[in-house]
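Taken in order, these protein sequences are the chains called A and B. At position 512 of the first sequence (counting the first as 1) the number is 512 in my numbering, and the numbers step up by one without a gap. Add 1000 to a position in the second sequence, counting from 1, and you land on the number used in my numbering. Cβ atoms here follow ideal geometry from the backbone N, Cα and C, with glycine treated the same way. Note that the structure is a prediction, hence the values are computed from the model and not measured.
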Amino acid sequence: MAQELTGAEIVIKALVDQGVDTIFGYPGGAVLPIYDALFQQNKIRHILVRHEQGAVHAAEGYARSTGKPGVVLVTSGPGATNAVTGLTDALMDSIPIVCLTGQVATHLIGSDAFQECDTVGITRHCTKHNWLVKSPQELTRVMHEAFYVATHGRPGPVVIDIPKDVQFQKGEYTGPQNVVHRTYRPKVKGDIEKIKQAVDLIANAKKPVFYTGGGIINSGTVASQLLREFVRLTGYPITSTLMGLGAYPASDKQWLGMLGMHGTFEANNAMHDCDVLINIGARFDDRVTGRLDAFAPHSKKIHVDIDASSINKNVRVDIGIIGDCAHVLEDMLRIWKSKARRPDKDALSAWWKQIEAWRARKSLSFKTNDDIIKPQQAIQRLYELSKHRETYITTEVGQHQMWAAQHFPFEQPNRWMTSGGLGTMGYGFPAAIGVQIAHPDALVIDIAGEASIQMCIQELSTAVQFMLPVKIFIINNEYMGMVRQWQELLHEGRYSHSYSDSLPDFVKLAEAYGATGIRASKPSELDDAIKRMIDVPGPVILDCVVDKFENCYPMIPSGAAHNEMILGDDAEGATVSEEGKMLV
Amino acid sequence: MKKDETIERHTIAVLVDNEAGVLARVIGLFSGRGYNIESLTVAEVDQAEHTSRITIVTVGTPMVIEQIKAQLDRLVPVHRVMDLTVEANSVEREMALVKVAGTGERRVEALRLADAFRARVIDTTHTSFIFEVTGAPTKIDAFIGLMRPLGLVDVSRTGVVAIARGPEAM
C-alpha cells in the first residue's frame, strides 16, 4: 500500500529499506529538511565529516571493506562540488556510492541562486549515472533505482540531486521490490562457448600467468574463493593489480606479488614472457601495461570483465568474456573439472624454474642501517606487529602507497583500501574512518605520507568526535616523495616545489585535535612506537621520520616494457626515453 | 598503414529513454573521450514509451569504433546500440534547407538545378528561394556546391537519419 510522505521522509525510508544503517554527510541550507527527518529517527546513523570530500572517501572505505554501497549526504553548491573528487575516485575504482545532494528549490534552478550549481551537469562525467528529481512523485523510484545502478554491473557512484521544495512536498512511497529499472540489465553470466575456449587455452598453456584485479574484490568474497580454488587446481602463477591485492593470499607459493610500474621483478617478467595471460577483473591500466606495443608480446590473452567497454580498450585480446568474475570463475572451474583437465606438468615446472630465478633477484630488498628508518622497514615492522589482528589498511597516494602494496602482504580481500585509478592524495584517512565505522573492533591503519595526510587532515575532528581508533602511520620523508623521485629520474634532480616545507609538528597537531601523537626517528624506536600506536585507545598519529631520499624500486620507467625494470641496486644509470617523458 | 589504423566512417543508431540530460550524456561521452561526431540527430520516436532515437555518424579506427559502441551501450538510459554500417544493410537520408538569393539568369539557373535534384521550393521572394532537398549526404553536398556560385546565403542541415532495411525492428 502506497503511503504519502514528504520528500525528506521518502529519502530516509528508502535508505532504511535499502538496508542502509550509516551515512556520511555535512548539512547545509538545501538539505535541511532531510537533516530534520534524520533527527527524528534512529535507524540511520549519521557521521558528520569536516569536508564533503572526506564524506565520499569515508563512504568509499565503508563500501570497499563491506561490499555494501556507501551513502553520502551533502548540500547544494559547494557541498556538491567538494564531493566531486571523491565521486571521480569512486568512478575510477568502481566503488558503489549513492550521493544525495541538496539543490535549490525547483523555481530557483537556473537563476544563479545562493549555493546553486548545476550538480547533475558537473557530476555527469564523474558518476555512473545521476538524476535531478523535480517532483516528489519520482523520488521513490529514483532512490531505489540509484541503489540498483550503483551496485549492479560494474559498480560506481551515482548522484541524486533533490531540490529543497521536493524535500518538503508530499509524494507516494513504495518499497524497493516495486521498482524495476527500465533499461539497465548488466550481463553477469559469461558466454559459455567462450569460457570453454578459454579453459582449453588455459589447459594447454606452457607459460601461463593469472593477472587479476579489483573486479574480483567487487564481485564479492565468493569470487576470491573461486579464484583460489581455480589457481591452486592449475598450479599456475598469479599476480594482481594494486586494486586486487588480497583476493589471493600473499603467503601462498603461487603468488608473485603485485605487477606493474612498481610490481615485482618476477611478476612483470612472467607477464612479459607468458604464452597465456588470464586477466580476470583487471582493466589493462597504463600503470600495469607499461609500453603497450611491448606488453606480453608472445601471449594469447583472455579477459574477463563485467564492463564490455574494458575489453579491447587498451589491449586487444583473443578471448573477451563479458560477465561477473564469480560467475565466470564458477563456469571455468566446472568445465575444467568436468573435462578432467590437467596442466602440462613438464612445461609448468620449467616455467616455475624460470620464475624462481626471477624471484631470486629479490627485487623488493633494501638496506637498513642503525641511524635512519627506511620506509620499507617501517611498513614491514608495521605488518609484523599487526598481523595477528584483524587489520585493515588504507593509504594515501605516492611512494608510501607503493611501499605499502609491496611490503604489507594481504591474506584476505576487502582489507586493502587505496586510490588506484584517480590517485587521490587525501583518500586514505577519511577512507580509514569509513572502514572503522563498519568494523568498530578492527585495527584500521592509514599508511600516509606527510604531504598526503595534510589534504584531509581535518577529519581528525571526525575521528575524535566518534571515538574512532584510526591509526595514521605517516611515512615522513619531508618530500612529496614520488614527485621527488620522478624529478630525480626525469628532471636531473631539480626538485621543483616537491619539498614539504613548514610541516606542522604532527605530534602537537594530533594533540591539538584531542588525539595522541607519537614520533619515531630512529630504527631503535620503531617497534615500541608502533606497539604504542596500536595499544593506545582512540585515534593516533605516528610520525615516522624516514630516509628522505629513498626511492621506490623496482620500477618500470614510463614508456618502457615489463622486462626493462630498474632494480634498486642498478638504479644509478636509470634513464627514461623521450617518449616516456611525455607520459605520467 | 596497418589494417587497425584505417579510419572508418560508421553510422550508429542509439535507442534511449527520453529522460532529461540523455543527449548531454551521449555528447559528453564523445567530447570526454575524444571521439569525433560528424553528425548527430535526435528526436522522440515513441511517445507512449518515451524513447528517443539518436543517429550518430562518427569516424575512427576499428578499435575506436568498437569502444564507442561499448561506451554508448553502458550508459544507463540506453536501450540498444546498433552499428548500421556493419550490422545491417541500411538506408541513410538527410534533409537540408538551402537559401539562395539572386535575380535574373542566376535565379533561373538555381531553379533549373533544383529541379534536377528534386529539391522543392518552400519559400520565395522576388530575390530569393528556399529549397528543401532530401537525400544522401553526398547529394546534399553536391547541391550546396552547385548553389554556391548562384547566390547561396544560408544552409540548415538536419544531419543523417538512418534505418536498417528489411522487416526487423532495431
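Does any residue of chain B have a CB that is nearer than 7 angstroms to the CB of residue i?
i: K313 (chain A); result: yes
i: A308 (chain A); result: yes
i: Y184 (chain A); result: yes
i: H303 (chain A); result: no
i: V179 (chain A); result: no
i: V149 (chain A); result: yes
i: R124 (chain A); result: yes
i: D569 (chain A); result: no
Residue i CB to nearest chain A CB: under 7 angstroms?
i: G1032 (chain B); result: yes
i: H1010 (chain B); result: no
i: G1028 (chain B); result: yes
i: A942 (chain B); result: The question about residue 942 (chain B) has no answer here: the residues shown for chain B are numbered 1001 through 1170.
i: Q1071 (chain B); result: yes
i: Q1067 (chain B); result: yes
i: D1046 (chain B); result: no
i: R1074 (chain B); result: yes
i: D1115 (chain B); result: no
i: D1017 (chain B); result: yes
Look up residue i in the DSSP assignment and give the residues it is bridged to.
i: D1046 (chain B); result: B:T1051
i: L132 (chain A); result: A:D161
i: C99 (chain A); result: A:V72 and A:V159
i: T394 (chain A); result: A:M417 and A:D446
i: L1040 (chain B); result: B:I1056
i: E1132 (chain B); result: B:L1097 and B:R1120
i: T174 (chain A); result: Answer is none; T174 (chain A) lacks a bridge partner.
i: V1081 (chain B); result: B:V1014
i: N279 (chain A); result: A:Y211 and A:H303
i: R359 (chain A); result: In DSSP, R359 (chain A) forms no bridge with anything.
i: S1156 (chain B); result: B:L1097
i: D286 (chain A); result: According to DSSP, which records beta bridges pairwise, D286 (chain A) is partnered with nothing at all.
i: F24 (chain A); result: A:I47 and A:V72
i: T516 (chain A); result: A:V540
Between which two residues does the alpha helix (DSSP H) harbouring residue i extend?
i: H57 (chain A); result: E52 to T66
i: A1164 (chain B); result: Note, A1164 (chain B): premise wrong, no alpha helix (DSSP H); beta strand (DSSP E) at V1161 to A1164.
i: V1109 (chain B); result: The identity of residue 1109 (chain B) in the sequence shown is Glu, whereas the question assumes Val. Here the alpha helix (DSSP H) through E1109 (chain B) covers E1105 to A1116.
i: H272 (chain A); result: F265 to D273
i: G1028 (chain B); result: V1022 to G1032
i: D200 (chain A); result: I192 to A203
i: G434 (chain A); result: G428 to A438
i: I1140 (chain B); result: P1137 to M1147
i: L333 (chain A); result: C325 to S338
Which stretch, first to last residue, makes up the beta strand (DSSP E) that contains residue i?
i: H400 (chain A); result: Unbroken run through H400 (chain A) is the alpha helix (DSSP H), Q399 to H407; no beta strand (DSSP E).
i: V1008 (chain B); result: The question names Val, but residue 1008 (chain B) is Glu in the sequence shown. That run of the beta strand (DSSP E) goes E1008 to D1017.
i: K471 (chain A); result: K471 to N476
i: L4 (chain A); result: It should be noted that the sequence gives Glu, not Leu, for residue 4 (chain A). That run of the beta strand (DSSP E) goes Q3 to T6.
i: S224 (chain A); result: Per DSSP, S224 (chain A) belongs to no beta strand (DSSP E); it is in the alpha helix (DSSP H), T221 to T234.
i: Q82 (chain A); result: Here residue 82 (chain A) turns out to be Asn, not Gln, going by the sequence shown. Run containing N82 (chain A): none in the beta strand (DSSP E); it sits in the alpha helix (DSSP H), P78 to M92.
i: S240 (chain A); result: I238 to S240
List the residues of chain E whose Cβ lies closer than 9 angstroms to the Cβ of residue i, in chain order.
i: R1025 (chain B); result: Given the protein chain composition of this structure (A and B), no chain E is represented.
Check whether the segment 478-491 of chain A and the segment 453-460 of chain A touch, using three or more Cβ-Cβ pairs below 8 angstroms as the test. no
Indicate whether the contact test is met: 3 or more Cβ pairs, each with one atom in the segment 99-107 of chain A and one in the segment 157-169 of chain A, closer than 8 angstroms. yes
Give, in chain order, every residue of the segment 1076-1088 of chain B whose Cβ lies closer than 7 angstroms to some Cβ of chain A. V1076, P1077, V1078 and H1079
Spell out a yes or no on whether the segment 50-70 of chain A and the segment 428-436 of chain A are touching, meaning 3 or more CB-CB pairs, one atom from each, closer than 8 angstroms. yes
Name, going along the chain, the residues of the segment 96-128 of chain A whose beta-carbon falls closer than 9 angstroms to a beta-carbon of chain B. Taking 9 angstroms as the Cβ-Cβ cut-off against chain B, the residues of the segment 96-128 of chain A that qualify are V120, G121, R124, H125 and K128.
Contact between the segment 149-159 of chain A and the segment 75-95 of chain A (3+ Cβ pairs under 8 angstroms): Between the segment 149-159 of chain A and the segment 75-95 of chain A there are three or more inter-stretch CB-CB distances shorter than 8 angstroms, so the stretches are counted as touching.
Is the number of C-beta pairs between the segment 6-26 of chain A and the segment 170-181 of chain A that are closer than 8 angstroms three or more? yes
Select from the segment 1035-1064 of chain B all residues with a C-beta closer than 8 angstroms to any C-beta belonging to chain A, and list them in chain order. Those residues of the segment 1035-1064 of chain B that come within reach of chain A (Cβ to Cβ, closer than 8 angstroms) are M1063.
Members of the segment 129-159 of chain A near chain B, C-beta cut-off 7 angstroms: H129, L132 and V149
Would you call the segment 48-58 of chain A and the segment 18-30 of chain A in contact, with 3 or more CB pairs under 8 angstroms? yes
Inter-stretch contact (C-beta, 8 angstroms, three-pair minimum) for the segment 404-415 of chain A and the segment 74-84 of chain A: no
Mind the definition here: the segment 230-248 of chain A touches the segment 328-336 of chain A only if three or more C-beta pairs lie below 8 angstroms; say whether that holds. yes
Does the contact criterion of 3 or more C-beta pairs under 8 angstroms hold for the segment 444-454 of chain A versus the segment 375-395 of chain A? yes
What residues from the segment 1092-1117 of chain B come within 7 angstroms of chain A, judged by C-beta to C-beta, listed N to C? none
Counting Cβ pairs, one atom from each stretch, are 3 or more of them under 8 angstroms apart for the segment 1016-1036 of chain B and the segment 1054-1072 of chain B? With the cut-off at 8 angstroms, the segment 1016-1036 of chain B and the segment 1054-1072 of chain B touch.
Taking one C-beta from the segment 182-196 of chain A and one from the segment 378-387 of chain A each time, how about it: are there three or more such pairs within less than 8 angstroms? no
For the pair the segment 240-248 of chain A and the segment 296-307 of chain A, tell me if three or more CB-CB distances fall below 8 angstroms. no
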